[in-house]
Structures are given as structure tokens and as C-alpha cells.
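Presented below is the structure to which this report refers.
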Amino acid sequence: MTIEAVELRRVAMPLATPLRTAHGTFDRVEKLLVGVQTPDVVGWSELGTDQAGDRGREVLDAADALLRRDLVPDVLAGAPIGRPSPFPVALAAHAAVEVAVLDAELRAAGRSLAEHLGAERDRVDSGVVVGIAGSTPALLDEVSHRIGEGYRRVKLKIEPGWDHEPVAAASEQHPDLALQVDANGSYTRADAEHLAGLDEFDLLMIEQPLPADDITGHVELAEQLRTPICLDETLTSFEVTKFALARGACSVVNLKPSRVGGLGVARRIHDLCVERGVALWCGGLLETGIGRAVNVALAALPGFTLAGDLSASNRYWETDLTVPFVLDDDGRLAVPTGPGIGVEPLPDVLEAVTTSREILSGTD
Ligand code: MG
């Protein structure tokens, strides 16, 4: 396959509802798209990050530098892209290039990504994330709203000071709801007893209770909690995932292809989880339809036994970059069947949200 040029494009995506983070509240999020151009097709991907504002821009700038310096020249020279450095931005940049090249190859060959990966389902269970709300009534309103939209599995973000009360309220109001929580590493080992207090709610899992580098802490916590522990930020590679599972640091895996450096590694982690009978699901990083298509295809593999953070487009965006993903009557998303990732940016939407665009070619 001849790659003539690689496009790096920044877009500013208006959010359907403001994103509240520890660093501010945002009504749009910047994204970096990678377009791999061949004489016949364009392969697309997006850089996986859920950071917004200045932090988001730092991530995109760092990824942009890595892409220009290392990855894009390799792609343009037809050289294989090497192993990524074990840093989140490098892993995400590596994944973005891998996916864009693969998308171009599959489009040229007329094969879908789902078929290429070995997907066995044509629909995947969709879950939704509910962030830290301003109050328990506000949280309950949003949970009810999401259930009304058709979501069958809800994940609540928790942190010290926002855990037992909202979880108790949501589980009391919706006793049959599949409920799980995600702490994004905000607790310490000293919180073990406090976290064990969540056991009474029969949660599906608690995700990343402790910081990413505290594998031993998660091993100890797993012995103290009845609630299964799922790891997310900790699992940055196949080797780390294997180690964490062998040590008993988690019994559930959240897999994000961007976090582990791409689909090749993601596939190996999937196979590892199947081999060990470990529950697996696909996480999200505030993806547009481009990245969502990749995650949905991946989540259609047989080892994904739990609903992922794979919501419909309108959960995040005023207008998605692609034909929107919508929930069906069973709370599922259809796996794209077209060539490559099966979706592409809608030209008018893409134009409207683009803030910068550069084409890098071998002759530069
Ligand atoms: Mg998480």
C-alpha cells in the first residue's frame, strides 16, 4: 500500500453537556485526528484522550510532536512503526497511527475492522458513565435520564467524599440496575475499610480504586473487598496486565486500545483474558464516532463479557463527526460493517469543527 501523505487535524467538538473535571468545566473538547492518505482511500483514527482544556491541549501537542518526529516519517517511508515508549501519550500516538494505517489497508481491501479482528457479534452492550454530580438529587436525575434512554448498565464516578451516599441512593432507587463505580485512582490503601463499605451494594465492580502504579495495594485491597476490582489506568501493556492478573490485583479488565498502544496489543490482552476466564470490557476516552467505531468493533470479540463504556453519540456530542451511533431497543450499539472502521467524518461537520489542519508528505 502506498501512503502518499498523513494528515494531522485538530477539531474542537462541542459537548452535549458540559464536562466537569477537577481542572474546570468545559463545553467543548479538542481532538486530534490522523488521516492516512493513499491514492484510493483515506484511513482515519483519533488520538485517545479524555483530557480537556489546557491539559487536553498538552496531550495533543505532545502527541503531535511524537507523530511528526517518529511515527509519521516511518509511515511515509513504508517502515514498520516500532514499539512505543511506555508513556501514555506515546502509547496513544502509536495506537492512532496503527489504527489509521489499518483502516486504510482494510478500506482498500474492502474488509471491515470487526471481521479483521475476529468479531463474533453484530451488536454490543452499551453502558453509560455518570460523572461526579453536584448533588445526590442531580445524580439521581441523570441516572434516571440515562436509564430512560435505554442504558442497562450505569457506571458512577466516585472519589473521596462522593461515594457511599450517591451509590446508596442510586442503588436504592434502581435495585435491578447493573451498577459499577470508577474511582480513577483517587483513594489510598488507608481507605480499604471505607471502600469495603461499598460491598453491601453488590456492585458489578469497583474500577481503579488506587493509583495506577500501586499494583500491590490493589492485591491487598482485593483480599479485603467482596466487590470485584477492575483495573484501568494500571493496565498499560500486555505484560503489566499479565502481571496484575497473576498477582490477583484485579479480577476484571477494562481494555482501551489507546491506553495499551493499539489494537495489536489489545487483541493479545483479549486473548489472555479469554485464556484465564477473566471478565473483560471495553472502556472509552470521550471518543468521536471515529474512535467509537474502533471500540465497538473490538468489543464485538467473544472475550468481551461485560457491557463497555460505549455510549451513543448523543451522550457526548451535539453533533458527532460521523453518522451517529444510536442505541437500539435492547440498549446496544450496532457494529459497523462497512470497509475499515466502517464510518468516516462527515465533510460538513468536519469542516465546521476543524481548528487546524496539516498534510505531511514524504517530500516535505
Ligand atoms: Mg476508568
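Once you know that position 242 of the sequence shown is 1400 in my numbering, the rest is easy, because the numbers rise by one and skip nothing. Glycine is no exception: its CB is placed at the ideal position from the N, C-alpha and C atoms. Remember, it's a predicted structure, so these values are computed and weren't measured experimentally.
Quiz prompt | For review: beta carbons within less than 7 angstroms of any heavy atom in ligand 1 | solution = ASP1340, ASN1342, GLU1365, GLN1366, ASP1390, GLU1391, ASN1412, GLY1441
Quiz item: CA-CA distance, PRO1238 and PRO1386?
Solution: 39 angstroms
Self-check item: Endpoints, beta strand (DSSP E) assigned at CYS1388
Solution: 1387-1389
Quiz item: Among residues of its own chain, excluding the 5 on either side of LEU1298, which ones have a beta-carbon nearer than 8 angstroms to its beta-carbon?
Solution: ALA1327, ALA1328, GLN1331
Exercise. Give the secondary structure of PRO1324 by DSSP, where H, G and I count as helix, E and B as strand, and everything else as coil.
Key: helix
Quiz item: Which class does ASN1472 belong to by DSSP, given the choice of helix, strand or coil?
Solution: helix
Self-check item: Beta-bridge pairing of VAL1164 - partner residues as DSSP gives them
Solution: VAL1194, LEU1518
Quiz item: What residues in its chain sit with their C-beta under 8 angstroms from that of ALA1470, if we drop five residues either side in the sequence?
Solution: SER1284, GLU1307, PRO1482, PHE1483, VAL1484, LEU1485, LEU1491
Exercise. Return the residue from the list GLY1489, MET1171, LEU1314, ASP1390 that minimises the CA-CA distance to LEU1356.
Key: LEU1314
Quiz prompt | Same chain, Cβ closer than 6 angstroms to LEU1177, five either side skipped, listed in chain order | solution = PHE1184, ALA1210
Quiz item: Buried or exposed: GLN1523, going by 16 or more other Cβ atoms within 10 Å of its Cβ?
Solution: There is simply no residue 1523 to check, as the chain begins at 1159 and stops at 1522 in what is shown.
Quiz item: Hey, out of VAL1432, GLY1214, LYS1414, whose CA is closest to VAL1460's CA?
Solution: The sequence given here has Pro at residue 1460, not Val. Considering only alpha carbons, the answer is VAL1432.
Quiz prompt | For SER1519 and LEU1557, believed in contact at Cβ under 8 angstroms, the rounded distance | solution = Here the chain comprises residues numbered 1159 to 1522, so residue 1557 is not present and cannot be evaluated.
Practice problem: Quick one: grab the DSSP three-state call for LEU1456. | Solution: helix
Self-check item: Beta-bridge pairing of SER1203 - partner residues as DSSP gives them
Solution: VAL1192
Quiz item: For GLU1516, which residues from the same chain have a beta carbon less than 6 angstroms from its beta carbon, with the 5 sequence-adjacent residues on both sides left out?
Solution: LEU1166
Quiz prompt | Paired residues, beta bridge with ASN1412 - DSSP | solution = TRP1439
Quiz item: What's the call for ASP1340, buried or exposed, on a 16-neighbour Cβ count within 10 Å?
Solution: buried
Exercise. Return the first residue and the last residue of the alpha helix (DSSP H) that ASP1506 is part of.
Key: 1505-1511
Practice problem: Put PHE1184 into one of helix, strand or coil per three-state DSSP. | Solution: strand
Quiz item: How many angstroms separate the CA atom of PHE1401 from the CA atom of GLU1378?
Solution: 15 angstroms
Practice problem: Given a cut-off of 8 angstroms, decide if ASP1467 and GLY1441 are closer than it, judged by their beta-carbon atoms. | Solution: yes
Quiz item: Does the separation of the CB atoms of VAL1511 and ALA1170 fall below 8 angstroms?
Solution: yes
Quiz prompt | Residues that GLY1498 bridges to, as DSSP identifies them | solution = SER1270
Quiz item: According to the Cβ coordinates, are VAL1501 and GLY1420 closer than 8 angstroms?
Solution: no
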